[in-house]
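Undergrad: Below you'll find the structure I mean.
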Amino acid sequence: MPFRIFGGSMHYFRVPREYWEDRMLKMRACGLNTLTTYVPWNLHEKERGKFDFSKNLDLRAFLSLAAKNGLWVILRPGPYICSEWDLGGLPSWLLQDPEMQLRTTYKGFTEAVDAYFDRLMRVVVPLQYKKGGPIIAVQVENEYGSYAKDPNYMTYVKMALLNRGIVELLMTSDNKNGLSFGLVEGALATVNFQKLEPGLLKYLDKVQKDQPKMVMEYWTGWFDNWGGPHYVFDADEMVNTVASILKTGASINLYMFHGGTNFGFMNGALEADEYKADVTSYDYDAVLTEAGDYTSKFFKLRQLFSMVIGQPLPLPPMIESKASYGAILLHQYISLWDVLPALVQPIKSEFPVNMENLHLNDSIGQPYGYVLYETVIFGGGQLHTRDHVRDRAQVFVNTMYVGELDYNTVELSIPEGQQGFRQLRLLVENRGRVNYGLALNEQRKGLIGDVFLNKTPLRNFKIYSLEMKPAFMKSLQQVSGWSTVPDYFVGPAFFRGRLWIEQQPQDTFLKLQGWEKGVVFVNGQNLGRYWKIGPQETLYLPGPWLRRGGNEIVIFEERTAGRIIQSVDIPYLGRTHLCSSSAFPGITAPLESLSLAHRTQCRLSCCPAKARAPPCFPQGMGHDGAHCRAFCVSVKRRDDAENQAPQPPAPRSRSRPYLGAVGGPGLQVAEGDELAQQAALLVAALDAAQLEVGLGALQDQAQVDGEAGHVDGEGPVRVKHGFPAVHLPRRVHLGRLVAQAAHEGHGPHRHLPGAAHLGGGTHSCRCLGGLFVPEIPHNSTLGGFSVFPA
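Below is the structure:
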């Protein structure tokens, strides 16, 4: 019997190990049968010849857990993986070789790959399907058609896999531009895209007749760069495209099903017209949020896959609530200048040395973080980098801040000051190596060449490595010199405080309003970078990384520090633009996708009686004066009379389900069955995103046929095609769940303690499948949303 792959991507290295199984269960509940993951070489072999497959890098445990939960596996071992990951997953120590040619048959590269594959395949080979394991296919490299610098390279990688015992189906994957250049004999070609173009799948039929078709990466969203918008991709457009792909008979893998987080310094970057580093969050506007919660995409895909599969799906696991621990005071600080003599032994060099070639870490160099270059000058003048800063340098004379240098700013005036000895300091940040494109060989960081003062190259440097590894952070806590934070500017510096937790720790999000740019550590774990330019404004802090009692928080702030940070239960990934589905082209609405609690007002109201129905509603629906047969949604900033004009979507746009497909323009709330289905979807998706948003809907009874549950005192709750459908009496208020889970009958249920407003009365209520209809008071404001009855 033919087997069809319904896959989803999730990367074990982006998700805390404690949550692996939860995400896998959600895959099964969505209707997927296959898990796809990359393998990051630069984490498994941080130092040449020293391999790590422990803790969160325990690949064997991850793949075995997938098998336990009924998921097959497509493994994508690289060696290059792209994945918006530093240097596409390649270890930076490869760049110590000045002649290195990555992703080619250059001897220095293939020797390193051979050693890595020798160790990796000891884990992978026993877990293949033919040996009783879950791995049904292995990918050869990754999108090589877009690189294609060596015609012999793909054959080399294929043979490297076969010679080490890979016996399952081999695959390649390429985007539209590289599809014809990434083929290799003996491997099934697959394609990556977001917008379906018929020619792509037809090309696969042409080059490999009578072979199955597969979309290896159907992009469910997109990633963000610092300084850009938060990209979103419409849920309806996504599910319609998935349905179109499935109608062709092709298999599919959703990239991403769950994106997770670029913890630490591991984010990648792009370099086309300009360098753009990726943000810490890899939420990706995926099917699950960064914290693993459901989105509208999940429920719409669940409905689709349920119909395609033709049988009931497992019930979705219950959502774990998030915590808001409130304000956390960072009461102590120590200047970077006071830390250096105590913790960092400088390297002395006549010339500037890039990070990868510093004599550190058993001679593998410094892969990530910051590096400080210090030299002596005797006057001022023009400091010129000749574009040798990678990627951003703060410049100090002694401890006085002078300015910044980067790709766009290569010259800076150094004040004359007093005559005599002065220290010129350049604090250089590696913001993340490019992970895609033709510039991989040029990803050395720090100072990659001379820096000039008045056209004279600077010499005789002291170079301090600031990788901020766990041992450094532990020693930092023991350093004397911590003092109370003053009211004046003290950056760059380390700040510390303590979060006290009485109960079992839960996931939370750290909001750093008033801070400028830096890195956050919690109990020694590097959460990643923050930067006030956005779009991302909160950092995800997984509950398993917290403990009952005291939790140590340390922040390295480059410039301007606040005094407190906030622990909140709602993430804010930035300003975004919600675009309509392809069925209604041209409908856009700028929203603050996750800042609505602070800045946006959402009104749900009946459409005017004679007004032309907006394209997002069925034609002819309006207000007849007695019943509200359709709803219009308007959204506006509290501080603006009107929103700014919408910006055009990004080349690969994506849509945030937090409000986009469920609570913003494009929400279709009609009479009868459709109203019940849409209202239930709205509640499920919004609560999954931890948004305190409600819907006040004035409507006669509406219900969807299916498996019956009940709403105490009011009638049935029903489920159809995987959607929770709520019995809607005359007036219903739906809002955020603040409930405990109860188990009844054949699956997990959510029980609502307290009251729910149903039909003007007060009733308790419960729903099936881990979903819910919680309480929202009439005409209330929840989480900053003003909710109005229609």
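Under our numbering, read the sequence shown as residues 245 to 1034, first letter to last.
We put the CB at the ideal spot given by N, CA and C, even for glycine.
What you are looking at is a predicted structure, and each value in this text was computed from that prediction instead of being measured.
State the Cα-Cα distance for the pair Ala-433 and Gly-426, rounded to the nearest angstrom.
TA: As a first step, residue 433 must be located in the sequence shown, where it is residue number 189. As a first step, residue 426 must be located in the sequence shown, where it is residue number 182. Cα to Cα, the separation comes out at about 8 Å.
Undergrad: Nearest by alpha-carbon distance to Lys-755: which of Trp-789, Gly-768, Asp-813 and Arg-742 is it?
TA: In the sequence shown, counting from the first residue as 1, residue 755 sits at position 511. Answer by Cα proximity: Asp-813.
Undergrad: Would you kindly check if the distance between the Cβ of Pro-558 and the Cβ of Ala-273 is under 8 Å?
TA: Working through the sequence shown from its first residue, we reach residue 273 at position 29. Working through the sequence shown from its first residue, we reach residue 558 at position 314. In contact: Ala-273 and Pro-558 (Cβ atoms closer than 8 Å).
Undergrad: In angstroms, rounded to a whole number, what distance separates the CA positions of Ser-461 and Ala-311?
TA: For the purposes of this step, residue 461 is identified with residue 217 of the sequence shown, where counting begins at 1. For the purposes of this step, residue 311 is identified with residue 67 of the sequence shown, where counting begins at 1. Looking at the sequence provided, one finds Glu at residue 461 rather than Ser. Going by the C-alpha atoms only, they are around 22 Å apart.
Undergrad: Assign Arg-248 to one of three DSSP states: helix, strand, or coil.
TA: Translated into the one-based positions of the sequence shown, residue 248 becomes position 4. Arg-248: coil per DSSP, three-state reduction.
Undergrad: Between which two residues does the beta strand (DSSP E) carrying Trp-337 extend?
TA: Taking the sequence shown and counting its residues from 1, one reaches residue 337 at position 93. First-last for Trp-337: undefined, no H or E at that position.
Undergrad: From Gln-810 to Val-766, what does the alpha carbon distance come to, in whole angstroms?
TA: Locating residue 810 in the sequence shown gives position 566, counting from the first residue. Locating residue 766 in the sequence shown gives position 522, counting from the first residue. So the two alpha carbons sit approximately 14 Å from each other.
Undergrad: Can you tell me whether Ala-404 is buried or exposed, with buried defined as 16 or more other CB within 10 angstroms of its CB?
TA: Sequence index remark: in the sequence shown, residue 404 carries index 160 (1-based). Label assigned to Ala-404: buried.
Undergrad: Go ahead and label Leu-334 buried or exposed: buried means 16 or more other beta carbons lie within 10 angstroms of its beta carbon, across all protein chains shown.
TA: By 1-based counting over the sequence shown, the position of residue 334 is 90. Its Cβ being crowded by 16 or more others within 10 Å, Leu-334 is buried.
Undergrad: Check the C-beta distance from Ile-318 over to Asn-386 and give it rounded, since I have them as a contact under 8 Å.
TA: The residue labelled residue 318 in the question sits at position 74 within the sequence shown. The residue labelled residue 386 in the question sits at position 142 within the sequence shown. The Cβ separation is near 12 Å, so there is no contact.
Undergrad: For the alpha helix (DSSP H) that contains Lys-402, what are its first and last residues?
TA: Along the sequence shown, read from residue 1 onward, the residue named residue 402 stands at position 158. 397-406 is the extent of the alpha helix (DSSP H) around Lys-402.
Undergrad: Go through its chain and collect everything with a Cβ distance to Leu-783's Cβ below 7 Å, but skip five positions before and after it.
TA: Counted from its first residue, the sequence shown places residue 783 at position 539. Taken in chain order, the residues that qualify are Thr-524, Phe-753, Leu-754, Val-764, Leu-771, Gly-772 and Tyr-774.
Undergrad: With the cut-off set at 8 Å, would you say Arg-669 and Leu-702 are in Cβ contact?
TA: In the sequence shown, residue 669 corresponds to position 425, counting from 1. In the sequence shown, residue 702 corresponds to position 458, counting from 1. Going by C-beta atoms, Arg-669 is not nearer than 8 Å to Leu-702.
Undergrad: Note down, in chain order, each residue of its chain lying with its Cβ closer than 6 Å to the Cβ of Asn-396, except the 5 sequence neighbours on either side.
TA: What you label residue 396 is simply residue 152 of the sequence shown in a count that begins at 1. Correct list, in chain order: Thr-349.
Undergrad: Who are the near neighbours of Leu-649 in its chain, counting only those whose CB is closer than 7 Å to its CB and skipping five residues on each side?
TA: Mapped onto the sequence shown, residue 649 falls at position 405. Cβ neighbours of Leu-649 beyond the five flanking positions: Thr-629, Val-633, Ala-637, Val-639 and Leu-656.
Undergrad: Are Asn-506 and Arg-292 closer than 8 Å when you measure CB to CB?
TA: As a position in the sequence shown, residue 506 is number 262, starting the count at 1. As a position in the sequence shown, residue 292 is number 48, starting the count at 1. Their beta carbons are not under 8 Å apart, which means Asn-506 does not touch Arg-292 by this criterion.
Undergrad: Alpha carbons only, please: which of Gly-787, Asp-529 and Thr-399 is nearest the one belonging to Gln-438?
TA: For the purposes of this step, residue 438 is identified with residue 194 of the sequence shown, where counting begins at 1. Measuring from the Cα of Gln-438, the nearest candidate turns out to be Asp-529.
Undergrad: For Ile-553, name the three-state secondary structure that DSSP assigns.
TA: The residue given as residue 553 occupies position 309 in the sequence shown. Helix at Ile-553.
Undergrad: Decide yes or no for the touch test of the segment 440-455 against the segment 466-481: beta carbon pairs closer than 8 Å, at least 3 of them.
TA: Touching, no.
Undergrad: Evaluate Trp-221 with the Cβ neighbour count: other Cβ atoms within 10 Å of its Cβ, from every protein chain shown; 16 or more gives buried, anything less gives exposed.
TA: With the chain covering 245 to 1034 only, the question about residue 221 has no answer from this structure.
Undergrad: Using the three-state DSSP reduction, which class does Met-271 fall into: helix, strand or coil?
TA: Here residue 271 corresponds to residue number 27 of the sequence shown, with the count starting at 1. Three-state result, Met-271: helix.
Undergrad: Roughly how many angstroms lie between the CA atoms of Met-442 and Gly-251, to the nearest whole one?
TA: Within the sequence shown, residue 442 is the residue found at index 198, counting from 1. Within the sequence shown, residue 251 is the residue found at index 7, counting from 1. The amino acid at residue 442 is misidentified as Met; the sequence shows Pro. One C-alpha to the other measures close to 21 Å.
Undergrad: Of the residues Asp-449, Gly-735 and Lys-592, which one's Cα is nearest the Cα of Thr-804?
TA: Counting from 1 along the sequence shown, the entry for residue 804 is found at position 560. Measuring from the Cα of Thr-804, the nearest candidate turns out to be Gly-735.
Undergrad: For the 8 Å Cβ check, are there 3 or more pairs between the segment 579-586 and the segment 263-273?
TA: Short answer: they don't touch.
Undergrad: Are the CB atoms of Ile-799 and Gly-768 within a distance shorter than 8 Å?
TA: The residue given as residue 768 occupies position 524 in the sequence shown. The residue given as residue 799 occupies position 555 in the sequence shown. No.
Undergrad: Which residue's Cα is closest to the Cα of Tyr-645: Gly-623, Gln-626 and Leu-671?
TA: As a working mapping, residue 645 is identified with position 401 in the sequence shown. Comparing Cα-Cα distances from Tyr-645 to each of Gly-623, Gln-626 and Leu-671, the minimum goes to Leu-671.
Undergrad: Per DSSP, what kind of secondary structure is Val-259 in: helix, strand or coil?
TA: Position 15 of the sequence shown, counted from the start, is the residue given in the question as residue 259. Note: Val-259 maps to coil in three-state DSSP.
Undergrad: Apart from the five residues just before and just after Pro-260, which ones in its own chain have a Cβ nearer than 6 Å to its Cβ?
TA: In the sequence shown, counting from the first residue as 1, residue 260 sits at position 16. The answer, listed in chain order, is Pro-786 and Pro-788.
Undergrad: Select from Ile-572, Asn-598, Asn-511 and Gly-623 the residue whose C-alpha is nearest the C-alpha of Ile-745.
TA: The sequence position of residue 745 within the sequence shown is 501, counting from 1. The option with the nearest alpha carbon to Ile-745 is Ile-572.
Undergrad: What whole-angstrom Cβ distance do Leu-303 and Tyr-256 have, given they're in contact under 8 Å?
TA: Sequence index remark: in the sequence shown, residue 303 carries index 59 (1-based). Sequence index remark: in the sequence shown, residue 256 carries index 12 (1-based). That pair is a contact at about 7 Å.
Undergrad: Hey, would you say the C-beta of Lys-270 is under 7 Å away from at least one heavy atom of the ligand FAD?
TA: Among the ligands in the structure shown, none appear at all, so the ligand FAD cannot be discussed.
Undergrad: Roughly how many angstroms separate the alpha carbons of Lys-718 and Gly-725, rounded to a whole number?
TA: Counted from its first residue, the sequence shown places residue 718 at position 474. Counted from its first residue, the sequence shown places residue 725 at position 481. Their backbone Cα atoms lie some 15 Å apart in a straight line.
Undergrad: Return the CA-CA distance between Gly-866 and Met-562, expressed in angstroms with no decimal places.
TA: One-based indexing of the sequence shown puts residue 866 at position 622. One-based indexing of the sequence shown puts residue 562 at position 318. Note that Gly-866 scores 28 on pLDDT, short of 50, meaning its location in the model is unreliable; the coordinates nonetheless yield the value given after this. Those two C-alpha atoms are separated by around 37 Å.
Undergrad: Are the segment 360-369 and the segment 540-560 touching by the rule of at least three beta carbon pairs closer than 8 Å?
TA: With a cut-off of 8 Å, the segment 540-560 and the segment 360-369 do not count as touching, because too few Cβ pairs lie within range.
Undergrad: Using the C-alpha atoms, what's the distance from Ile-777 back to Leu-338?
TA: One-based indexing of the sequence shown puts residue 338 at position 94. One-based indexing of the sequence shown puts residue 777 at position 533. Distance between the alpha carbons of Leu-338 and Ile-777: 32 Å.
Undergrad: Hey, how far is the Cα of Gly-664 from the Cα of Ser-336?
TA: One-based indexing of the sequence shown puts residue 664 at position 420. One-based indexing of the sequence shown puts residue 336 at position 92. When rounded, the distance between both Cα atoms is 40 Å.
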